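Numbering of the sequence shown is given in our numbering, commencing with residue 2 and proceeding in unit increments.
Some notes on the structure that comes next.
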Amino acid sequence: MRLFTELNIETQSTCNRACPTCMRNSWPDRAALVERFEIHQMPGELVHSLLDQAAAMGYGGQVCLQHFNEPLQDGRLAEFGRYAKGKGFAHVYANTNGDLLTPELAAELDGALDRLHIALYGPNKLERSVRYRGWFAQTRLTFTDGSHVITHHSPYANLAACVAAARPQPCEREAQMRCIIGYTGQMYLCCDDILGQFGLGNAHDMSLEELWFGEKHQAVVEALRQPGGREQYELCRLCPRQNTPYGREQP
């Protein structure tokens, strides 16, 4: 099993938006997600340790300092970005809705991250993108139009058809490319594993190497590489994401 090609670290639990297409809001078991609507932070020492461990493993790829949270709500983002960049990773970035951006916050973040990927919601998208770009000299800004990827329980009319089409396929990309550590330290299998349902272990108790190369993680990844492998796991049976063979990632 090869090393991951992206390390995602979710430094805080919260988000300022309630997008109906996001799994934070579409997941049916609301009680299971209660803590995501309270402020919980990954200890800074663990964030630093994960970055240290990744570098010691020979990892030099991209680092995303965000997952199901809004990263601009974490006042430590600039420090974490600079720490990660100091480790020599190829690309340090975060995805954000940009709602909380101000000239002052932009000045703090400029140069701390290689890139901010901003989802522009609401009106005046062009005006806002021009304004935001004017606040940054070193950090590159990229934008989406606020569209969402279809996920588990998304309120899209074609959800059932997407699940049916994806179900017999292997999963050769999502479970193999990202190492995702949630704000609790729990390792998630993929972007749709919002609850950590696979019991892959916790970074408070295990090293990053033990988590990624652990027998449990390897077994799940190997099963999902096979056609029909999704049938072994409830979350995967309901996944609407089409298979993209690893090594042919879409931008």
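Beta carbons are placed, not taken as given, at the ideal position from N, Cα and C, and that holds for glycine.
Please read all numbers here as calculations on a predicted model, not as lab measurements.
Residue 179: first and last residue of the uninterrupted beta strand (DSSP E) it sits in: It spans 179-182 - the beta strand (DSSP E) in which residue 179 sits, taken as one unbroken run.
Following the continuous beta strand (DSSP E) through residue 139, name the residue where it begins and the one where it ends. Segment: none, residue 139 is in no beta strand (DSSP E) and carries neither H nor E.
Which class does residue 234 belong to by DSSP, given the choice of helix, strand or coil? DSSP places residue 234 in coil when its eight states are reduced to three.
Using alpha carbons as the reference points, say which of 51, 96, 157, 124 lies closest to residue 88. 51
Verify whether the separation of the beta carbon atoms of residue 142 and residue 119 is less than 8 Å. yes
Buried or exposed: which applies to residue 67, given that a residue is buried once 16 or more other Cβ atoms fall within 10 Å of its Cβ? buried
The beta strand (DSSP E) spanning residue 84 covers which residue range? Taken as a continuous stretch (DSSP letters only), residue 84 belongs to no beta strand (DSSP E), being part of the alpha helix (DSSP H) at 78-87.
Using the C-alpha atoms, what's the distance from residue 55 back to residue 49? 10 Å
Please tell me whether residue 116 and residue 92 are closer than 8 Å, where the distance is taken between their beta carbons. yes
Report buried or exposed for residue 35, applying the criterion of at least 16 other Cβ atoms within 10 angstroms of its Cβ. With fewer than 16 other Cβ atoms within 10 Å, it is exposed.
N-terminal and C-terminal residue of the alpha helix (DSSP H) that residue 26 is part of: Counting along the chain, residue 26 sits inside the alpha helix (DSSP H) bounded by residues 24-27.
When the Cα of residue 134 is compared with those of 20, 180, 99, 185, which residue comes out closest? Here the closest residue by C-alpha is 99.
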